[in-house]
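Residue numbers (mature numbering (1 follows the signal peptide of the UniProt record, and there is no 0)): -25 to -1, 1 to 976.
The structure appears below as structure tokens.
Structure representation (structure tokens):
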């Protein structure tokens, strides 16, 4: 059967579906071809009265009269995608990116394991995700993010994606567009899908079971459907099968870090002032690092710069350098967490009368993810909160947290080994990675329950009404295992001898079971010692959403060119969020990232109306408006106006202007600082005690002298240079720093103005060909966001008015080492986000004489013209142009060619993204320049459908045919990270083989 092009218009769009491939016909009789494919939108989607309701509009209309683009992935396209993650499937559309994924959120405090999408690079908070046209409960405690992996792919009939503002239709959040997940309904029969996948590189495996059963009853008046889905994915580890994941390197200058007086230690980095891949190792060693007159322990071998030598073959005694003598913590960490999903669903529809229908549904999803990262570390001088007898943190008169410090090892400590005893002149400073506690584990359970009900029916004429609502709950329990209780560590380090036995010095600590700890050397910490200082944190988050809707739509009256149609209604929504469970202020005494308790809610009442006005037979106008009253930001307005013009069957034009709104989320509005970690290249790195050695950040106009003076004014940096062990050494910190995000009750709503215009060509002289070209321009004013940790730090230390600017107010340094300890990212109404571009879609179906079967081609191309954001900096507005940066390619396309014949189906899909640079302000001739080339991934799929009942389809495929893991992006880059290959551009699986069977009867 010929594979047809799918073109559908939505809320104003005639848009192209992704040339879906063969699917099993659920209702195919014995003589029918069970390998069916979608026809054109007119053939596929419209019932006999030639009117439908599609995403982006509440008016039933001919799908040829809509005004903004819509992309559709039907069931066949989902099956042929090679993945079962809906976010990965939707992200194949150019202009749609994976925002948060299990890979990129591997160790995230709140988002580990979720899977969201990002339209037009405006963020998942600006993408509204619907299920069957209804709002869905968020799956994150720090934003309005519907995780698509909570919706089993086996339950889905199609996915519709619109571009542009749709707040007038759906309310807040629909700034970049709308993703509508259409679930199966009215299914009569049994559908089973079994799938197995395995990457070639290592032993990770994936299993999937999807089951669905449906039955019509009461002579077709009712239908009930039950679904079940189970999926398991093994974790992916950083190891030799993915060698880039364990490379201990960073992008930087040798002169900015110590330990490179011997150039042979840095192959390819002969020029100390040129950028290259320099070693990036941790100064926190499993056996500990101990200092007194430069005495150290590395890998179990003790030495100092007077008499003992390092164990790496060097013949001269040198001080410890972390980037030469340090520890590579990367091997063994998860790049992608272990994932397990169990889901079930029930849907019911029943015609109460010939004109009134009741429908209801419930979906339950449980997801568990387990990720691991390197063991926790500590250093003398680390601070922790001092709690009172009731376990509450204490504050001084200026409301500063009262803190204590981890002590040095006392000079009379009985565990000091001879090697250190020989060289110490007093107490012993220390640094240590506590591998005896085990991996740092993030174990997340997520439960999502979504329920919906509605009554709908016919009124008068062609008017229809609908009254319904939804209720959703989301519960998360995160177990953060193997953290360090710093108060207990301090207790265990301060010891005394009683009756010849080493015991903790504090009598109160002894009463609580304190165990003295020996941190000297690998394996020195016993199970009893580890258990005493171990802290397992528990984070719990709960979300609730209640919605109610009453609406009607139909024809107001007839105009000469046709019926004037309208839709109107009222809507109510209540959002509630609570975060708790980390033991109150006790978390402030541990290495666990603190997420503060929060309980907040808001309500919104809305009214909306929509008109479809025929001007001429070939020209129509669409208008929509919405007024919403929020309990947080007050009253906001949204509207849009668009039209479509069809001068001939061969060409059609459309355009729309919209004003959309996004109210602050509960987290953005109410949250105290909550834990997160960001990469940071400290502007003070490379600084020498005489004020030299500074390199201004790429693209900065600030002088090195200004930056050096600002850095040297920091007490922590002064303490670093006052330490004799750092004599002659450049200041060198950075890596991962604590960057908590904080809410702001002064926030206002975002406002987005969007313009789209397009042309659709379906030339009759080339049957089967369609070409769509759309232009879009989106401007988000008062955009809610925060200045990045990196940029805020640079703006602080490059400023002439240091430290008296708002960016410096967010930064805290360690007073003993100078390292940046915290950069608070507070939500603000930034000035503006801008994005614009051109999308083009080409689809063609054809036959070749003499060759059996039918061929189909579908190409979707997206070209960005603008991608930037503007914010209020120290000296006025500052614009950051992100177009063409790594992760923000200027060009993307998806090309798919397919062939089908007598039950056989084969497709080849190519996904392409153009290359990019790390920093637009750095030219190709400058040392700091870093770029990546274009990325292309290729997937193949093949299936054969047996022509009998039950219908059986056997399928297999290869994802990432040429085994490309993606670009190497180390730390030190604006767009890199310590794991090197865990960005949205990387495919951690590499080449993956899968096979499966689907049975329908």
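For every residue, glycine included, the Cβ atom is placed at its ideal position computed from N, Cα and C.
Predicted model only: the values in this text are computed from it and were never measured.
C-alpha of residue 351 to C-alpha of residue 395: approximately 24 Å in a straight line. Residue state for residue 228 is assigned as coil, using DSSP reduced to three classes. From the listed residues 437, 539, 559, the smallest Cα separation to residue 589 is found for 539.
Annotation: residue 874 to residue 830 spans about 5 Å, alpha carbon to alpha carbon. With respect to residue 607, residue 584 sits apart: the two C-beta atoms are not nearer than 8 Å. Residue 341 carries a strand assignment under DSSP once its states are collapsed to helix, strand and coil. Beta-carbon to beta-carbon, residue 168 and residue 129 are separated by about 6 Å, close enough to satisfy the 8 Å threshold. Annotation: residue 116 to residue 127 spans about 21 Å, alpha carbon to alpha carbon. As the crow flies, the alpha-carbon of residue 882 is around 12 Å from that of residue 934. Secondary structure note for residue 830: its beta strand (DSSP E) is the uninterrupted segment 829 to 848. Apart from sequence neighbours up to five positions away, the residues of its chain that approach residue 579 with a beta-carbon distance below 6 Å are 548, 603, 605, ordered along the chain.
The alpha-carbon separation between residue 65 and residue 51 amounts to approximately 14 Å. The C-alpha of residue 965 lies about 7 Å from the C-alpha of residue 175. One alpha carbon belongs to residue 216, the other to residue 223, and they sit about 16 Å apart. Three or more beta-carbon pairs drawn from the stretch 796 to 810 and the stretch 716 to 727 are found closer than 8 Å, and the two stretches are therefore classed as touching. Just so you know, the alpha carbons of residue 481 and residue 513 end up roughly 28 Å apart.
Residue state for residue 128 is assigned as helix, using DSSP reduced to three classes. Looking from the CA of residue 335, the closest CA among 326, 343, 612 belongs to 326.
Per DSSP, reduced to three states, the secondary structure at residue 251 is strand. Distance from residue 734 to residue 748 at the Cβ level is roughly 5 Å; contact confirmed, criterion being Cβ atoms closer than 8 Å.
Looking from the CA of residue 258, the closest CA among 428, 131, 299 belongs to 299. The C-beta of residue 821 has fewer than 16 other C-beta atoms within 10 Å across all chains shown, which makes the residue exposed. A straight-line Cα-Cα distance of about 27 Å links residue 474 and residue 399. Rounded to whole angstroms, the gap between the alpha carbons of residue 505 and residue 453 is 22 Å.
The DSSP-derived three-state label of residue 208 is strand. Between residue 869 and residue 69, the C-beta spacing is below 8 Å. Per DSSP, residue 479 is one residue of the beta strand (DSSP E) stretching across 476 to 479. With a threshold of 16 other beta carbon atoms within 10 Å, residue 226 meets it and is buried. At least 8 Å separates the beta-carbon of residue 773 from that of residue 861. In the structure shown, residue 506 adopts helical secondary structure according to DSSP, grouped into three states. Cβ contact annotation for residue 854 (same chain, cutoff 6 Å, sequence separation greater than five): 843, 845, in chain order. When secondary structure is reduced to three states using DSSP, residue 711 falls in the strand class. Residue 419 is bridged by DSSP to 344, 453. Counting along the chain, residue 68 sits inside no alpha helix (DSSP H), nor does DSSP assign it H or E at all. Distance check between residue 520 and each of 392, 537, 450 places 450 closest, using alpha-carbon atoms only. A straight-line Cα-Cα distance of about 6 Å links residue 152 and residue 102.
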